[in-house]
Amino acid sequence: MAEVMDERQASNAAQLIPQMACDSATALWATLAQAELRQGQSVNAEAVALAFAGLPPHLRRHLGPDLSGKFIDIGDSTTAQRIRSAMERAAPEHDPALELTKARLERAQGNTDRAGQTLDAILMQESEFLPEALLERAEAALLNGGAIAPDQITLLQSLAFEHQGTELGAKLLEAEVRAHAMAGDFAMAFSRLAEAKSDPLIPPERGDALA
Numbered sequence: 002m003a004e005v006m007d008e009r010q011a012s013n014a015a016q017l018i019p020q021m022a023c024d025s026a027t028a029l030w031a032t033l034a035q036a037e038l039r040q041g042q043s044v045n046a047e048a049v050a051l052a053f054a055g056l057p058p059h060l061r062r063h064l065g066p067d068l069s070g071k072f073i074d075i076g077d078s079t080t081a082q083r084i085r086s087a088m089e090r091a092a093p094e095h096d097p098a099l100e101l102t103k104a105r106l107e108r109a110q111g112n113t114d115r116a117g118q119t120l121d122a123i124l125m126q127e128s129e130f131l132p133e134a135l136l137e138r139a140e141a142a143l144l145n146g147g148a149i150a151p152d153q154i155t156l157l158q159s160l161a162f163e164h165q166g167t168e169l170g171a172k173l174l175e176a177e178v179r180a181h182a183m184a185g186d187f188a189m190a191f192s193r194l195a196e197a198k199s200d201p202l203i204p205p206e207r208g209d210a211l212a
């Protein structure tokens, strides 16, 4: 649980995969322990959603964005929306954790413009969710073939350095490489690509895909 709270995943996550199907709160913590969910895995989404709704508000806020994102990534927007609804109860207005979850759902539902506006609002708040919001903003732009604003590319580079040695830092670095390339700054893109390929948290296939 300590690793889940600090790192949003656990080092023994593979051992907990069978427990995601449990009919209890165990399913929630086993799911939270995973870096990502995979299509076809047996996950008791009902138990996960119910256990999450029973957490104290501060834990829902802390864990909700990543948890909902895992379900969005496997196409389960229904469970992601239930997680968002549980976060929304007793949440302060314009809470960045809730807004990040909202933006991910908007993008999953094809509302990319609205998602971009929501993410831009989060970026202006400079909250603890800034790195995740920036990564979402960059991914949304890159998926649509658009360029990323120069100030956001600079922020990507700064946050990638700040979070180096973590999975989040690796994802920020990958997004930065692609952002430089989309902006036509190939010299910087190739320079940062060399760093990405030497990052132990970026598998070779992901590094090759950036080239």
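Mind the numbering: the sequence shown is residues 2 to 212 in this note's numbering, read in order. Note that beta-carbon positions come from the ideal geometry of N, C-alpha and C, so glycine has one too.
Is the beta carbon of residue i less than 9 Å from the beta carbon of residue j?
{"i": "A141", "j": "G117", "result": "yes"}
{"i": "G70", "j": "Q40", "result": "no"}
{"i": "V267", "j": "L68", "result": "Because residue 267 is not part of the residues shown, which for the chain are 2 to 212, the question remains open."}
{"i": "I203", "j": "A197", "result": "yes"}
{"i": "A26", "j": "I18", "result": "no"}
{"i": "A109", "j": "I154", "result": "no"}
{"i": "A11", "j": "Q20", "result": "no"}
{"i": "A81", "j": "L56", "result": "no"}
{"i": "R179", "j": "A188", "result": "no"}
{"i": "L160", "j": "P205", "result": "no"}
{"i": "P58", "j": "R90", "result": "yes"}
For residue i, tell me which candidate among the options has the shortest Cα-Cα distance.
{"i": "F53", "options": "A36, Q40, R85 and Q35", "result": "R85"}
{"i": "A36", "options": "L143, A148 and Q16", "result": "Q16"}
{"i": "K103", "options": "P204, E196, P93 and T119", "result": "T119"}
{"i": "A210", "options": "A180, H181 and E175", "result": "E175"}
{"i": "D152", "options": "Q165, R138 and G146", "result": "R138"}
{"i": "E8", "options": "G185, A180, I73 and L169", "result": "L169"}
{"i": "D74", "options": "T167, L38 and H95", "result": "L38"}
{"i": "M125", "options": "T113, E100, Q10 and G146", "result": "E100"}
{"i": "E47", "options": "C23, R90, D121 and H164", "result": "C23"}
{"i": "F162", "options": "R83, M6 and R193", "result": "R193"}
{"i": "L60", "options": "N13, A14, L156 and V5", "result": "V5"}
{"i": "L51", "options": "D114, G208 and R83", "result": "R83"}
May I ask you to report which of helix, strand or coil DSSP gives residue i?
{"i": "T167", "result": "coil"}
{"i": "S78", "result": "helix"}
{"i": "A116", "result": "helix"}
{"i": "G70", "result": "helix"}
{"i": "S43", "result": "coil"}
{"i": "A148", "result": "coil"}
{"i": "M58", "result": "Before going further, note that residue 58 is Pro rather than Met in the sequence given. Helix at P58."}
{"i": "E8", "result": "helix"}
{"i": "M21", "result": "helix"}
{"i": "L110", "result": "In the sequence as presented, Leu is not what sits at residue 110; that position holds Gln. DSSP places Q110 in coil when its eight states are reduced to three."}
{"i": "A36", "result": "coil"}
{"i": "L136", "result": "helix"}
{"i": "M2", "result": "coil"}
{"i": "A184", "result": "coil"}
{"i": "L202", "result": "coil"}
Compute the beta-carbon to beta-carbon distance between residue i and residue j, rounded to the nearest angstrom, for a pair I have assumed lies under 8 Å.
{"i": "L33", "j": "L64", "result": "6 Å"}
{"i": "P93", "j": "F130", "result": "Incorrect: roughly 14 Å between the Cβ atoms, too far for contact."}
{"i": "I123", "j": "A134", "result": "4 Å"}
{"i": "A171", "j": "D200", "result": "6 Å"}
{"i": "L136", "j": "L173", "result": "6 Å"}
{"i": "Q158", "j": "E127", "result": "16 Å between Cβ atoms; not a contact."}
Tell me where the alpha helix (DSSP H) around residue i begins and ends.
{"i": "E127", "result": "Unbroken run through E127: none, as it is neither H nor E."}
{"i": "G208", "result": "P205 to L211"}
{"i": "M189", "result": "F187 to S199"}
{"i": "E94", "result": "Careful: E94 lies outside any alpha helix (DSSP H) and carries neither H nor E."}
{"i": "L33", "result": "T27 to L33"}
Taking Cβ positions only, does residue i come closer than 9 Å to chain C?
{"i": "W30", "result": "Chain labels in this structure do not include chain C; a single protein chain is all it has."}
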